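Engineer: Okay, handing you the structure first.
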Amino acid sequence: MGKIRMGMVGGGQGAFIGAVHRIAAAIDGQIELVCGAFSSNAERSVASGAALFLPESRCYQSYEEMFQRESQLPEDQRMEFVAIVTPNHLHFPVAKMAFEYGFHVMSDKPATFDLNEALELEKLVTKHGRLYGLTHTYNGYPLVKQAKHMVESGELGNVVKVIAEYTQGWLASKDDEGGKQAAWRLDPKQAGISCCMGDIGVHAANLAEYVTGLEIANICSDLTATVAGRTLDDDGTVLLKFNNGAKGVLLSSQIQIGDENNLRIRVIGDKKAIEWQQIEPNTLWVKENGKPTQQVRTGVGEFCEAAQKAMRTPPGHPEGYLEAFANIYVNFADQISAFKAGETCDNQTFDVPGIREAIRGMAFIENVVAADKSDSKWQEFTILPSA
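For the sequence shown, this note's numbering assigns the number 442 to the last residue and increments by one with no breaks.
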């Protein structure tokens with residue numbers, strides 16, 4: 056069928072995450088960037104497209120122009136899906152318009168500005184019959200998939216405790232607020248009701264649910280704006296109860312000095328425990344009372360089908376963040392191909408985070424913020440908008 060054609064909204068010159076998406080989409084040779092509206096500034100948008108060697112006719116001044124003009128191109132030339140890599144407040148309107156013009160959507164997380172928009176997005180996915188993917192990147196690591204398989208197969212026994220952490224130190228000081236990446240994340244008008252939990256805490260929550268197959272059922276939350284003058288949280292601790300009765304802790308911080316992108320998950324069963332950390336993504340620790348701790352290395356030994364599919368290089372050749380991102384994209388490309396062929400193309404079959412994860416992610420953010428403001432110790436995790 057040829058390469059899957061991708062457009063992009065956001066991610067222009069000077070933007071970090073746009074380049075990551077483009078690299079990841081290109082790794083497996085299944086996806087080609089064919090057009091884009093890379094900035095809210097028309098001049099910068101066109102210049103960004105030119106810097107990527109796109110044809111002048113497909114470097115658009117706005118996403119509205121892009122959807123309109125791309126939809127008028129022959130079917131075998133127009134983009135097939137759009138990657139949304141803008142600040143949070145634009146995720147929903149861009150996705151909505153993409154669906155209305157008949158395009159599939161791959162969005163950076165969190166999915167929308169608030170839960171109301173995520174629930175409306177679900178209706179649009181159904182109404183327009185298009186595919187929706189969400190880049191919860193850390194699900195893409197081979198050993199995360201192996202960890203998920205071990206839980207599903209019962210190797211750990213019954214899960215009794217989950218500890219998920221995502222800590223950074225890049226916003227520890229008032230002086231750290233000057234850059235573009237910090238400015239919009241700390242602005243409620245662009246980021247929404249949360250900075251830390253909305254930006255990285257939601258990744259830890261998603262990882263906990265993805266690996267265990269459980270759902271968060273109750274939470275007790277304590278959020279803090281540590282640096283004076285900030286409106287949104289930059290640090291938080293959340294106690295968790297899962298729908299099987301397991302307990303958990305979620306730690307998320309952007310003021311933890313010295314930490315980079317320290318994402319870590321520990322799942323404790325009544326037979327075994329496992330531990331994985333993004334800083335050493337090719338290692339999974341398996342622990343059992345009375346036996347030596349086992350170090351599982353990517354590519355060495357037997358792995359489940361999903362983990363094997365996610366591995367690209369021989370043992371000892373590290374695969375990391377870009378490849379994990381690429382695993383989301385290549386699975387989405389396969390999903391689009393199945394869609395075009397009229398075959399089964401649901402997100403679960405293709406291991407692509409989708410609208411379910413979008414809604415639960417936005418619900419997590421709103422539930423955590425609401426629980427922090429409540430005088431009650433425990434709050435039920437609900438899929439109900441806060442306002």
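Where a beta carbon is used, it is the ideal one built from N, C-alpha and C, also for glycine.
Being a predicted model, the structure only gives us computed values, none of them experimental.
1. Measure the CB-CB distance between Ala388 and Gln85 and report whether it falls below 8 Å.
2. Since I believe His191 is in contact with Pro408 (beta carbons under 8 Å), could you give me their beta-carbon distance rounded to a whole number of angstroms?
3. Quick one: Cα of Ser431 to Cα of Val206, how far?
4. Is the CB-CB distance between Glu220 and Asn317 below 8 Å?
5. Starting from Glu270, trace the alpha helix (DSSP H) both ways and give me its first and last residue.
6. Can you name the start and end residues of the alpha helix (DSSP H) that Arg352 belongs to?
7. What does a CB cutoff of less than 7 Å around Gln390 pick up in its chain, not counting 5 residues either side in sequence?
8. Got a sec? Which residues, its chain only, sit under 7 Å from Lys2 by beta carbon, not counting five neighbours each side?
9. Would you be able to state if there are at least three C-beta pairs under 8 Å between the stretch 353-366 and the stretch 193-202?
10. Is Arg133 helix, strand or coil by DSSP?
11. By how many angstroms is the C-alpha of Lys296 removed from the C-alpha of Ile438?
12. Please classify Arg240: is it buried, with 16 or more other beta-carbons within 10 angstroms of its beta-carbon, or exposed?
13. How about Asp290 and Cys251: are their beta carbons less than 8 Å apart?
14. Cutting at 8 Å between CB atoms, please list the residues of its own chain near Ala283, excluding the five before and the five after it.
15. Measure from the alpha carbon of Lys244 to the alpha carbon of each residue in Phe108, Leu145, Ala379, Glu120, then state which is nearest.
16. Using a Cβ-Cβ cut-off of 6 Å (strictly less than) and excluding sequence neighbours within five positions of Gln349, which residues of its own chain qualify?
17. I'd like the list of long-range same chain contacts for Ala106, defined as Cβ closer than 8 Å, with 5 residues on each side in sequence excluded.
18. Closer than 7 Å by C-beta to Gly224: which residues in its own chain qualify, once you throw out the five before and the five after it? Chain order, please.
19. Can you tell me the Cβ-Cβ gap for Ile320 and Leu278, rounded? I've got them flagged as a contact below 8 Å.
20. Starting from Pro240, trace the alpha helix (DSSP H) both ways and give me its first and last residue.
21. Would Leu294 pass as a contact of Ile274 if the rule is Cβ separation under 8 Å?
22. Which of helix, strand or coil does DSSP assign to Ser103?
23. Sorted by chain position, which residues of the same chain lie with C-beta nearer than 7 Å to Asp231's C-beta, five sequence neighbours on each side aside?
24. Do Gly212 and Lys346 have their C-beta atoms closer together than 8 Å?
25. On the DSSP letters alone, give me the boundaries of the beta strand (DSSP E) that Ile72 sits inside.
26. CB Gly247 to CB Asn382, shorter than 8 Å?
27. Pop quiz: Gly416 and Lys203 are said to be a contact at Cβ under 8 Å. What is the actual Cβ separation, rounded to whole angstroms?
28. How many Å lie between Tyr384 and Ile218 at the Cα?
29. Could you check how far apart the C-beta atoms of Val149 and Val64 are, in whole angstroms? I think they sit under 8 Å.
30. Please say whether Arg113 and Val89 have beta carbons closer to each other than 8 Å?
31. For Ala173, collect the residues of the same chain with a Cβ closer than 7 Å to its Cβ; drop the 5 residues on either side in sequence, then sort them by chain order.
32. Below 8 Å on the Cβ atoms is my guess for Pro440 versus Asp169; work out the distance and round it to an integer in Å.
Structural biologist: Working from what's here:
1. On the sequence shown, residue 388 is found 333 positions in, with the first residue counted as 1. On the sequence shown, residue 85 is found 30 positions in, with the first residue counted as 1. Contact flag set, yes.
2. Residue mapping note: residue 408 aligns to position 353 of the sequence shown, counting from 1. Residue mapping note: residue 191 aligns to position 136 of the sequence shown, counting from 1. Pro408 to His191, Cβ: 4 Å. Contact.
3. Residue mapping note: residue 431 aligns to position 376 of the sequence shown, counting from 1. Residue mapping note: residue 206 aligns to position 151 of the sequence shown, counting from 1. Whole-angstrom Cα-Cα distance: 32 Å.
4. By one-based count along the sequence shown, residue 220 stands at place 165. By one-based count along the sequence shown, residue 317 stands at place 262. Yes, the Cβ-Cβ distance between Glu220 and Asn317 is below 8 Å.
5. The residue given as residue 270 occupies position 215 in the sequence shown. It is not in any alpha helix (DSSP H) - Glu270 carries neither H nor E in the DSSP assignment.
6. Translated into the one-based positions of the sequence shown, residue 352 becomes position 297. Here Arg352 belongs to no alpha helix (DSSP H); instead the beta strand (DSSP E) covers 349-352.
7. By one-based count along the sequence shown, residue 390 stands at place 335. These residues qualify, in order along the chain: Leu186, Cys400, Phe405, Val407.
8. With the chain covering 56 to 442 only, the question about residue 2 has no answer from this structure.
9. yes
10. Working through the sequence shown from its first residue, we reach residue 133 at position 78. Correct three-state label for Arg133: coil.
11. What you label residue 438 is simply residue 383 of the sequence shown in a count that begins at 1. What you label residue 296 is simply residue 241 of the sequence shown in a count that begins at 1. Approximately 16 Å, taken between the alpha carbons.
12. Start at 1 with the first residue of the sequence shown, and residue 240 comes out as number 185. It is buried - the Cβ of Arg240 has at least 16 other Cβ atoms within 10 Å.
13. Translated into the one-based positions of the sequence shown, residue 290 becomes position 235. Translated into the one-based positions of the sequence shown, residue 251 becomes position 196. Yes, they are a contact pair.
14. Here residue 283 refers to the residue found at position 228 when the sequence shown is read from its first residue. Here the set comprises Lys229.
15. Residue numbering aside, residue 244 sits at position 189 when the sequence shown is read from its first letter. Checking every option, the nearest Cα to that of Lys244 belongs to Leu145.
16. Along the sequence shown, read from residue 1 onward, the residue named residue 349 stands at position 294. Once the five neighbours on either side are set aside, the close Cβ partners of Gln349 are Val341.
17. Here residue 106 is taken as the residue at index 51 of the sequence shown, counted from 1. Apart from sequence neighbours up to five positions away, the residues of its chain that approach Ala106 with a beta-carbon distance below 8 Å are Gln68, ordered along the chain.
18. On the sequence shown, position 169 is the one that residue 224 refers to. Cβ within range, chain order: Ile310, Gln311, Ile312, Gly313, Asp314.
19. Walking along the sequence shown from the start, residue 320 turns up at place 265. Walking along the sequence shown from the start, residue 278 turns up at place 223. About 21 Å; that fails the 8 Å criterion.
20. Here residue 240 refers to the residue found at position 185 of the sequence shown. At residue 240 the sequence reads Arg, which differs from the Pro that was named. Taken as a continuous stretch (DSSP letters only), the alpha helix (DSSP H) holding Arg240 covers 235-240.
21. If you number the sequence shown from 1, residue 294 lands on position 239. If you number the sequence shown from 1, residue 274 lands on position 219. Result yes, Cβ atoms of Leu294 and Ile274 sit closer than 8 Å.
22. Against the sequence shown, residue 103 aligns to sequence position 48. Helix, per DSSP.
23. Translated into the one-based positions of the sequence shown, residue 231 becomes position 176. The residues are Trp225, Ala237.
24. In the sequence shown, the residue the question calls residue 212 occupies position 157. In the sequence shown, the residue the question calls residue 346 occupies position 291. Not in contact: Gly212 and Lys346 (Cβ atoms no closer than 8 Å).
25. For the purposes of this step, residue 72 is taken as residue 17 along the sequence shown, with counting starting at 1. From DSSP, Ile72 is part of no beta strand (DSSP E) but of the alpha helix (DSSP H) over 71-81.
26. In the sequence shown, counting from the first residue as 1, residue 247 sits at position 192. In the sequence shown, counting from the first residue as 1, residue 382 sits at position 327. In this structure, Asn382 does not lie closer than 8 Å to Gly247 by Cβ.
27. Position 361 of the sequence shown, counted from the start, is the residue given in the question as residue 416. Position 148 of the sequence shown, counted from the start, is the residue given in the question as residue 203. In fact, because the Cβ distance is near 18 Å, the residues do not count as touching under 8 Å.
28. Indexing the sequence shown from 1 puts residue 384 at position 329. Indexing the sequence shown from 1 puts residue 218 at position 163. Rounded to the nearest angstrom, the two C-alpha atoms are 28 Å apart.
29. Along the sequence shown, one-based indexing puts residue 149 at 94. Along the sequence shown, one-based indexing puts residue 64 at 9. Sure, about 5 Å apart at Cβ, within 8 Å.
30. Within the sequence shown, numbered from 1, the residue matching residue 89 stands at position 34. Within the sequence shown, numbered from 1, the residue matching residue 113 stands at position 58. Yes, they are a contact pair.
31. For the purposes of this step, residue 173 is taken as the residue at position 118 of the sequence shown. Closer than 7 Å at the Cβ level, and outside the excluded window around Ala173, lie Ala166, Thr167, Ala413, Ile414, Met417.
32. Position 385 of the sequence shown, counted from the start, is the residue given in the question as residue 440. Position 114 of the sequence shown, counted from the start, is the residue given in the question as residue 169. Confirmed, Cβ separation roughly 7 Å.
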